[in-house]
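Take a look at the structure below.
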Amino acid sequence: MSIGLKRGTVKLSEYSDDWPNEYEKESLLIMTLAGKYISRIEHIGSTSVPGLNAKPIIDISIEVDSKAQLEMLVKSLPSDIYEYFGERDIPGDYFFAKGSEAMRTHYIHVSLRASNRLDNYIKFRDALRSNPILASEYRNLKERLSNQYQNDRKSYTELKGQLIAEVINS
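Residue 895 is where the sequence shown starts when you use this note's numbering, and the numbers rise one by one after that.
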């Protein structure tokens, strides 16, 4: 099972047992390069939920204690490996992508501890892992949206947001 997807497109893959291993390899590399600036690092997103279909891109969330640590983290991750986009659509979510435009393999979301963003990612991930009915509902939503928005990842992501927000806020 390979990982990677063309930027901007949506294509779901069946769950792969390789995904947790890909996360472990990448998190080890990140920790080797910048571990002294990282408070926590977690595998998030659908590739972190056994049995769930997902875009074959490994999502990683990193938490840092301060803006100064964020700046040091950015300097520690080589720009030829990790493309840094800064603060993206979600305030407080600092974003890196790994892989070429034609084949993104990893997304790294960095947030400050005070934001609780990582806690929310974990809450949603763990809810999917522990609730098969919710996981099935989410799988069906993703499949419907992926068919509808194959070349519009922004809409696909935004439309999943309502269910995600409901779970996080429950």
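Note that the Cβ used here is the ideal one computed from N, Cα and C, for glycine as well.
Practice task
Please report the residue range of the alpha helix (DSSP H) in which G1055 lies.
Solution key: R1047 to I1062 is the span of the alpha helix (DSSP H), which, as asked, contains G1055.
Handout entry: Collapsed DSSP secondary structure at Y1001 in the structure displayed
Key = The answer is strand: DSSP assigns Y1001 an E or B state.
Handout entry: Residues that DSSP places opposite S907 in a beta bridge
Key = In the DSSP output, where bridge partners are listed per residue, S907 has A948.
Problem - Short Cβ contact (8 Å threshold) for E957 with R934 - result: Their beta carbons are under 8 Å apart, which means E957 touches R934 by this criterion.
Handout entry: A948, buried or exposed, once every other Cβ within 10 Å from all chains shown has been counted against 16
Key = With 16 or more other Cβ atoms inside 10 Å of its own Cβ, A948 counts as buried.
Practice task
Assign V968 to one of three DSSP states: helix, strand, or coil.
Solution key: Three-state result, V968: helix.
Handout entry: Coil, strand or helix - D953 by DSSP
Key = If DSSP states are grouped into helix, strand and coil, D953 belongs with the strands.
Handout entry: Alpha-carbon to alpha-carbon, R901 and G993
Key = When rounded, the distance between both Cα atoms is 10 Å.
Practice task
Could you name the residues of the same chain whose beta carbon sits closer than 6 Å to that of R1023, not counting the 5 residues immediately before and after it, in chain order?
Solution key: Closer than 6 Å at Cβ, skipping near neighbours: V943.
Practice task
Identify, in the order they occur along the chain, each residue of the same chain with its Cβ nearer than 8 Å to the Cβ of R1033, setting aside the five sequence neighbours on each side.
Solution key: L946 and N947.
Problem - When P950, G898, L971 and E936 are compared against A928, the one with the closest alpha-carbon - result: It is L971 whose Cα lies nearest to the Cα of A928.
Problem - Beta-carbon proximity of E977 to A991, cut-off 8 Å - result: E977 is a Cβ neighbour of A991, given a cutoff of 8 Å.
Handout entry: Alpha carbon of K1070 to alpha carbon of D959, nearest angstrom
Key = The question about residue 1070 has no answer here: the residues shown for the chain are numbered 895 through 1064.
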